[in-house]
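Novice: Sending over a structure as structure tokens; questions will come in a sec.
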Amino acid sequence: MENNIGTKEKPMALKTPPLTSDYTMHLDSKDGKPILVCTVGKTVLHYDHRCLADLHAMLTAHGDWMELGSADEQKPAKEGTVEAWGRSETNPVGGWYGLKKGLRGRFAMYVPPLMEALGMVELTHEAKGNKIKAK
1 MENNIGTKEK PMALKTPPLT SDYTMHLDSK DGKPILVCTV GKTVLHYDHR CLADLHAMLT
61 AHGDWMELGS ADEQKPAKEG TVEAWGRSET NPVGGWYGLK KGLRGRFAMY VPPLMEALGM
121 VELTHEAKGN KIKAK
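Counting from 1, one number per residue, gives the positions in the sequence shown under UniProt numbering.
Structure (structure tokens):
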């Protein structure tokens, strides 16, 4: 799976769930740990690489569609959404999968399309209210 994500030199090109914005994702490491590097225009976000396996496991256990509910770090996430899970103290990392303070949100906007491209999930592509389900 890691080989499919891309490198800094050749990142994977993706689109947000509503298919309205382009961004890239690649695998890198920070402090000896693998991270996902998401580049949206000039903004660079980092997510803990283990979010892919953890989110897939949670969605598999959930067994049905789940709303993405993407939100910036400074805004509260809607309960019962992927975004809320991605920052919850009860998830496997005990908090945020986003690693850059101030830019830890939008987990549900950028990680699910990568998972879809890797064949791990199904994702809806509506203007709003998109959902995800494990394959």
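Even glycine gets a Cβ: it sits at the ideal position worked out from N, Cα and C. Being a predicted model, the structure only gives us computed values, none of them experimental.
Checking the sheet assignment: what are the DSSP bridge partners for C38?
Specialist: C38 is bridged to M25, L45.
Novice: Could you tell me if P76 is buried or exposed, where buried requires 16 or more neighbouring beta carbons within 10 angstroms of its beta carbon?
Specialist: Exposed, since its Cβ has fewer than 16 Cβ neighbours within 10 Å.
Novice: What separation, rounded to the nearest whole angstrom, lies between the Cα atoms of T81 and A117?
Specialist: Rounded to whole angstroms, T81 to A117 spans 21 Å at the Cα level.
Novice: With distances taken between CB atoms, is the gap from K15 to M66 smaller than 8 Å?
Specialist: Going by C-beta atoms, K15 is not nearer than 8 Å to M66.
Novice: Would you mind giving the Cβ-Cβ distance between H56 and M120, rounded to the nearest angstrom? I have them listed as a contact below 8 Å.
Specialist: Their Cβ separation, rounded to whole angstroms, is 5 Å, which keeps H56 and M120 in contact under 8 Å.
Novice: Looking only at its chain, what residues have a beta carbon closer than 6 Å to the beta carbon of P92, apart from the 5 residues adjacent to it on each side?
Specialist: Cβ neighbours of P92 beyond the five flanking positions: D54.
Novice: Can you name the start and end residues of the alpha helix (DSSP H) that L99 belongs to?
Specialist: Unbroken run through L99: none, as it is neither H nor E.
Novice: With distance defined between alpha-carbon atoms, name the residue in L103, I5, T20, G6 nearest to E126.
Specialist: Closest option to E126, Cα to Cα, is T20.
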